[in-house]
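Residue numbers (my numbering): 16 to 196.
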Amino acid sequence: MGLYIKELHFESPNPSAIWDLTADVDAALKKSKAKHGILGVHSKHTTLGMLVNELAETKLLDDILRFSRVLVPEDARSTWVVGQEPPYPYPTLDFTHNCADSPLRPPTELDNDHNTGRHIRALIFANPTVWIPFKNGALELGRYQQVGIFEFDGRNGQGVNPLRERVVQIWIFSVPRITYL
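This is the structure we're talking about:
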């Protein structure tokens, strides 16, 4: 039995995107040499979620991204909306949330965006953690399933908001054998 942890650090300059992490997850599993168990992929950010879905079809991913923006409006005060050319093509709404109001935000951390819609999308479309069983050192994913990240609030560092640096953890819990019921 054992516990193995791998952290992935990366920049997230795209406002909204879906990335395939399957190769990174598989590489961590291989490096651990664990044979059987369960693996968790965990996001340490509220607006970056994990998912298991078909990620090889780019048109499907585009449809999912577009649908998420139509279903959950963006804050009308957001930097994604205000002053953009061409104009923001999706619905907007007047939310009341302001990142600067958070009592958890350090006073030195600048975040002047209005991202309520992005938090709501993260609640609806992804999870902070996904769990995947593995046996004989291989992920137990279905034929079309891949492990992915859904970014809801990436920042490119331009304007008033800092570039987003993200952390995803891979937790591998191994067991010596499998007992079938």
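Backbone N, C-alpha and C define an ideal beta-carbon position, used for all residues, glycine too.
None of these values were measured; they are calculated from a predicted model.
From GLU166, TRP146 and THR111, pick the residue whose C-alpha is nearest to that of GLN160; which is it? Here residue 160 is taken as the residue at index 145 of the sequence shown, counted from 1. Of the listed residues, the one whose Cα sits closest to GLN160 is TRP146.
Rounded to a whole number of angstroms, what is the C-alpha to C-alpha distance between THR144 and VAL190? On the sequence shown, position 129 is the one that residue 144 refers to. On the sequence shown, position 175 is the one that residue 190 refers to. Between the alpha carbons of THR144 and VAL190 lies a gap of roughly 20 Å.
For THR37, the three-state DSSP class (helix, strand or coil): Residue mapping note: residue 37 aligns to position 22 of the sequence shown, counting from 1. Three-state result, THR37: helix.
How close, in whole Å, do the beta carbons of GLY6 and SER27 come, if the pair is a contact with beta carbons under 8 Å? Any answer about residue 6 is impossible in this case: the structure gives the chain only from 16 up to 196.
Which residues DSSP lists as bridging SER58, in chain order: Translated into positions along the sequence shown, residue 58 becomes position 43. Note: SER58 sits in a beta bridge opposite VAL183.
Which full runs of the beta strand (DSSP E) of 3+ residues lie inside the region 51-118, going along the chain? 51-58 and 63-68
Can you check DSSP and say which residues form a bridge with GLU22? Your numbering for residue 22 matches position 7 in the sequence shown. In the DSSP output, where bridge partners are listed per residue, GLU22 has GLN184.
Taking the C-alpha atoms as reference points, what is the distance between ALA153 and PHE188? The residue labelled residue 153 in the question sits at position 138 within the sequence shown. The residue labelled residue 188 in the question sits at position 173 within the sequence shown. Going from the Cα of ALA153 to the Cα of PHE188 covers about 13 Å.
Would you say PHE140 and SER83 are within 7 Å of each other, going by their C-beta atoms? The residue given as residue 140 occupies position 125 in the sequence shown. The residue given as residue 83 occupies position 68 in the sequence shown. Result yes, Cβ atoms of PHE140 and SER83 sit closer than 7 Å.
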